[in-house]
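Asker:
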Amino acid sequence: MSYKNIRLETDQDGIALITVDRPEKLNALNRETMGELDDAFTRARNDAAIRGLIITGAGEKAFVAGADIKELAVLAPIEAQELSRRGQTIFRELERMTKPSVAAINGFALGGGLELAMSCSVRIAGPEAKFGQPEVKLGIIPGYGGTQRLPRLVGRGRALEMLISGEVIDSSEAYRIGLVNYITPAEDLVSFSRAWVRKVLANGPIALALTMEAVDVGLDCGLEQGLQFEAAAFGLTAATEDRHEGTRAFLEKRKPVFAGK
Ligand code: COA
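Residues 1 to 261 in my numbering are what the sequence shown spells out, letter by letter.
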C-alpha cells in the first residue's frame, strides 16, 4: 500500500518513524489516514527488521488534532459504532505490538490524537504541546480508547476531570500528572525519541516483548492472572540464550550482546 496521509521511514537501527502528514488539517485522522495507519502498524508488527516505532505529526502545530470532525458530523449510529470499533482495533494493534513505541508529540494531541499517543509505550512532548479529550464539547465521547486508557495512565480523578471538562492541558501539567514521560525542546523531539528507543532496544529482545505483554495481560485480566503470566514468562526467559548472556555479561563486567534467542 502506498501512503497519502502518512509517511513511514525506517532507519538503520530498525526504528520506524511514522509521520501523520495532513498538516493543513492539523493531521486530523480521517478514514483514509486510519486505513494507512492500520497498514503501517501491520507492516511494523510483521516485519522483524522493524524493532521500534516513533509516531509524530507533520508541521509545527499539531501531533494529531483528533478524528476528522467533518466525517464525524455525518455518521449514523451504527456507522459511528463501527468507526469506533475499527479505530480501537487499529490502536490496540499498536499497543499490543510488543515493540517499544514513542509518541513524539509536537503540538496538539486532542481526541483521537491523544488516544493514539496513549496507545504508545511512552509519550515525549515538546514544550508547546497541548493535550485533551474535548469530545464532550462536540456532544460525543472518545471512541478510540480515551475513556479506558486515560484513567489507566493518570488515575480516575484526573482522567474524569479531563474527560468531562473537555479542557486542554499543557505539557508541564501533562508531565506533572504522568501523561507524558519527558519534555524536550521541539527541535530535539525526534532525535530524543530515537535515542530513547535505541536505549530500550539494547535490552534483551525476548525480555522486552514479554515485559510488555505481562503489563498488558495484568491490566486486561487483573492481578492474579497478571502474576501468573509473569511467573510463566519469567520461567520462559530462563530457557533463553539472552538470559545466559545477560547474567554472564554482568558477572564478567562487560556489556551484553543479545541475540534475541
Ligand atoms: N477534524 C477536522 N478538521 C480539523 C480538525 C479535526 N479534528 N482539527 C483541525 N481541523 C482543521 C480546521 O477545520 C481547519 O481547516 P480549514 O482551514 O479548512 O478551516 C484547519 O484544520 C486548521 O485548524 P484551525 O481550527 O483553523 O486552527 P486553530 O489554530 O485556530 O485551532 C485547534 C487549533 C486544535 C484548537 C482547533 O483546530 C480545534 O479545536 N480542533 C478540533 C479539536 C477537537 O475537537 N478534536 C477532537 C475531535 S473528536
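For every residue, glycine included, the Cβ atom is placed at its ideal position computed from N, Cα and C. Nothing here was measured: the structure is a model prediction, and the numbers come from that model.
Could you please give me the residues that DSSP links to Glu-213 through a beta bridge?
Answerer: Paired residues: none, contrary to the question.
Asker: Going by beta-carbon coordinates alone, are Gly-113 and Ala-65 separated by less than 7 Å?
Answerer: Yes; because the gap between Cβ atoms is below 7 Å, this pair is in contact.
Asker: If you draw a straight line from the C-alpha of Gly-178 to the C-alpha of Gly-155, how long is it?
Answerer: Distance between the alpha carbons of Gly-178 and Gly-155 is about 9 Å.
Asker: Quick check on the burial criterion: 16 or more other C-beta atoms within 10 angstroms. Buried or exposed for Asp-68?
Answerer: Buried is the call here.
Asker: What is the DSSP secondary structure of Lys-130, counted as helix, strand or coil?
Answerer: Lys-130: strand per DSSP, three-state reduction.
Asker: What residues are listed by DSSP as bridge partners for Phe-108?
Answerer: Bridge partners of Phe-108: Ala-62 and Lys-130.
Asker: Using the Cα positions of Ile-90 and Ala-80, report the straight-line distance between them to the nearest angstrom.
Answerer: Cα to Cα, Ile-90 sits roughly 15 Å from Ala-80.
Asker: Any contact between the segment 116–136 and the segment 155–168? By contact I mean 3 or more CB pairs, one from each, below 8 Å.
Answerer: At 8 Å Cβ cutoff, the stretches touch.
Asker: Hey, which residues come within less than 7 Å of the ligand COA, measuring from Cβ to any heavy atom, in chain order?
Answerer: The set, ordered by position in the chain, is Glu-24, Lys-25, Leu-26, Ala-28, Lys-61, Ala-62, Ala-65, Gly-66, Ala-67, Asp-68, Ile-69, Lys-70, Leu-72, Phe-108, Leu-110, Gly-111, Gly-112, Pro-134, Glu-135, Lys-137, Leu-138 and Ile-140.
Asker: Would Arg-194 and Ile-15 be called neighbours here (beta carbons separated by less than 7 Å)?
Answerer: Against a cut-off of 7 Å, the Cβ pair of Ile-15 and Arg-194 comes out as a contact.
Asker: What does Thr-262 pair with, by DSSP beta-bridge criteria?
Answerer: The question about residue 262 has no answer, for the chain in this structure spans 1 to 261.
Asker: Applying the criterion that 16 or more other CB atoms from any shown protein chain within 10 Å of the CB defines a buried residue, is Asn-46 buried or exposed?
Answerer: It counts as exposed.
Asker: In three-state terms, what does DSSP make of Leu-208?
Answerer: If DSSP states are grouped into helix, strand and coil, Leu-208 belongs with the helices.
Asker: Identify whether Gly-146 lies in helix, strand or coil by the three-state DSSP scheme.
Answerer: Three-state DSSP puts Gly-146 in a helix.
Asker: By alpha-carbon positions, which one of Gly-204, Gly-146, Val-190 and Gly-35 ends up nearest to Thr-237?
Answerer: When only C-alpha atoms are compared, the closest one is Gly-204.
Asker: Measuring CB to CB, does Glu-115 end up less than 7 Å from Gly-157?
Answerer: Against a cut-off of 7 Å, the Cβ pair of Gly-157 and Glu-115 comes out as no contact.
Asker: Does DSSP put Ser-263 in a helix, in a strand, or in coil?
Answerer: The structure shown does not extend to residue 263, since the chain is modelled only from 1 to 261, so the question has no answer here.
Asker: One question on the structure: do Met-212 and Thr-98 come within less than 7 Å of each other, judged by their Cβ atoms?
Answerer: Yes, these two residues count as a Cβ contact at 7 Å.
Asker: For Gly-132, count neighbouring C-beta atoms within 10 Å of its own C-beta (all shown protein chains included) and say buried if the count is 16 or more, exposed if not.
Answerer: It is buried - the Cβ of Gly-132 has at least 16 other Cβ atoms within 10 Å.
Asker: Of the choices Thr-247, Ile-169 and Leu-201, whose alpha-carbon is the least far from that of Ala-109?
Answerer: Ala-109 has its Cα closest to that of Ile-169, out of Thr-247, Ile-169 and Leu-201.
Asker: Identify the continuous alpha helix (DSSP H) that holds Thr-33 and give its terminal residues.
Answerer: Segment 31–46, the alpha helix (DSSP H) holding Thr-33.
Asker: Which of the three DSSP states, helix, strand or coil, is assigned to Gln-85?
Answerer: What sits at residue 85 in the sequence shown is Arg, not Gln. Arg-85 falls in the helix class under three-state DSSP.
Asker: With a threshold of 16 other CB atoms inside 10 Å of the CB of Arg-22, please say whether the residue is buried or exposed.
Answerer: The residue is buried, with at least 16 neighbouring Cβ atoms inside 10 Å.
Asker: Relative to the alpha-carbon of Glu-187, which residue among Ala-44, Lys-261, Arg-92 and Glu-128 has its alpha-carbon at the smallest distance?
Answerer: Residue Glu-128 is the option with its Cα nearest to Glu-187.
Asker: Excluding the 5 residues preceding and the 5 following Ala-103 in the sequence, name in chain order all residues of the same chain whose CB lies nearer than 6 Å to its CB.
Answerer: Within the same chain, Ala-103 has close Cβ partners Ile-55, Ala-117, Cys-120 and Arg-123.
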